[in-house]
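Read through the structure below, which is laid out as structure tokens, and then see the notes.
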Amino acid sequence: MSQANRGVVYKGPGKVDVESIPYPELALGNRKCDHGVILKVVTTNICGSDQHMVRGRTTAPSGLVLGHEITGLVVECGRDVEFIQPGDLVSVPFNIACGRCRNCKEGRTGICLNVNPARPGAAYGYVDMGGWVGGQTEYVMVPYADFNLLKFPDTDQAMEKIRDLTLLSDIFPTGFHGCVTAGVGPGSTVYIAGAGPVGLAAAVSAQLLGAACVIVGDMIEERLAQARSFGCETIDLTQDGDMADKIEVILGEREVDAFVDCVGFEAHACGCNHGKEAPATVLNSAMSLTRAGGQIGIPGLYVTEDPGAADDAAKQGALSMRFGLGWAKSHSFHTGQCPVMKYHRPLMQAILFGKVKIADAVNVQMITLDEAPQGYADFDGGAAKKFVIDPHGSVAA
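Going by this note's numbering, the first residue of the sequence shown is number 548, and it counts up by one from there.
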């Protein structure tokens, strides 16, 4: 008799449900997955990238099991798994990577060549990312386990800090990667576009990297207050006025050293037009506000197809960028999925040794699996919280 399993399922624009789904098998289609493991999910997080799908802004099919931010307990290992064992508590990078292809061997695990027949790169529970079952579930299968998984050195210690460690699967490395690729270092001045969970993770990452001043811009006051709670300067983007003027009030200069786009393709205009979608506005602001020779990190998601876009060009991912300005200022632009494995171990160490309190920075709120649909609704409404699902009640109150 097979075990029960439940998961969060996308049912169409604006709707997710918790449904019974098949218990995972160590299989890839019709063949065994001897390099995989099955996890009992301990925590799994709702991500802003999930919201793009749920809003109907991608080509995600109804019936997709959601979730790519997974931490779990190993309950079964395939025959070829050597270094991961049942009972290990592990963090799962959202990137699925084979460990064997050219890109994986170069550390570019976000664009593995062997895990998605449609394009480089794969992820759990995400549109166009290889068809892998998502992890907002009670149990999930993870392939290439020895290569992908980060084992926590002490399970009891890890459970005490699970609200922080759960963020290693995506948003903490993603925010950190945005800052690294933007060239943030000691003494940098940094602008973070967006105060959602990834933006807040980028802001605390900039501080961890030694930034002198971190400025966060958003349109929701609750999120700006969250950024201020750990020492960031903030700009309310619903207010009229020139952005360079606002930067100058804070820094005494009109440009920043580093710019991190944590908004992506659903960006809106600023000031009196803040209710109007303008998908290239953050990228154009980045070129205007970053000093000549500066770097621009773009962890915010941009898509090749956006069926909900306001114009035909944007529906195909074609945006109206003032690229000549970026060229003239010798900017460098850094795009694509974060290669989580590049960062998750050092960031784990920073958490375990008390160097960063990422859960406080992004305002983690634990919810049950059955509360996930409401979590999606609250997140979409602008709540300044990172919703973390605890499918089995494993995390102490």
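Beta carbons are placed, not taken as given, at the ideal position from N, Cα and C, and that holds for glycine.
{"Asked": "Would you tell me roughly how many angstroms separate the C-alpha atoms of residue 654 and residue 572, rounded to the nearest one?", "Found": "28 Å"}
{"Asked": "Could you please give me the residues that DSSP links to residue 557 through a beta bridge?", "Found": "563"}
{"Asked": "Measuring CB to CB, does residue 658 end up less than 7 Å from residue 650?", "Found": "yes"}
{"Asked": "Note down the Cα distance separating residue 610 from residue 596, rounded to an integer number of angstroms.", "Found": "17 Å"}
{"Asked": "Please give the ranges of any beta strand (DSSP E) in the stretch 777-860, keeping only runs that are unbroken, at least 3 residues long and fully inside the region.", "Found": "780-783, 803-808 and 837-844"}
{"Asked": "For residue 642, which residues does DSSP report across the bridge?", "Found": "670"}
{"Asked": "Which same chain residues end up closer than 6 Å to residue 721 when comparing Cβ atoms and leaving out the 5 residues on each side of it in sequence?", "Found": "745, 846 and 885"}
{"Asked": "With distance defined between alpha-carbon atoms, name the residue in 827, 838 and 873 nearest to residue 861.", "Found": "827"}
{"Asked": "Is it right to say residue 577 is buried, meaning 16 or more other beta carbons lie within 10 angstroms of its own, or is it exposed?", "Found": "exposed"}
{"Asked": "With a threshold of 16 other CB atoms inside 10 Å of the CB of residue 928, please say whether the residue is buried or exposed.", "Found": "exposed"}
{"Asked": "Specify the secondary structure class of residue 879 as computed by DSSP and reduced to three states.", "Found": "strand"}
{"Asked": "Whole angstroms are fine: how far does the CA of residue 580 sit from the CA of residue 946?", "Found": "In the structure as shown, the chain begins at 548 and stops at 944. Residue 946 is therefore absent and cannot be evaluated."}
{"Asked": "Just the C-alpha distance for residue 883 and residue 848, rounded to the nearest angstrom, thanks.", "Found": "8 Å"}
{"Asked": "My assumption, with CB atoms under 8 Å, is that residue 830 sits in contact with residue 808. Please give the rounded CB distance.", "Found": "7 Å"}
{"Asked": "For residue 695, name the three-state secondary structure that DSSP assigns.", "Found": "helix"}
{"Asked": "Assuming residue 639 and residue 601 make a contact with CB atoms under 8 Å, what is their CB distance in whole Å?", "Found": "21 Å between Cβ atoms; not a contact."}
{"Asked": "Thinking just about the alpha-carbon of each residue, which of 607, 550 and 575 is nearest to the one in residue 558?", "Found": "607"}
{"Asked": "Mark residue 548 as exposed unless 16 or more other C-beta atoms lie within 10 angstroms of its C-beta, in which case mark it buried.", "Found": "Unreliable positioning characterises residue 548 in this predicted model, as indicated by a pLDDT of 43, which lies under 50. A coordinate reading is not provided."}
{"Asked": "Is residue 574 helix, strand or coil by DSSP?", "Found": "strand"}
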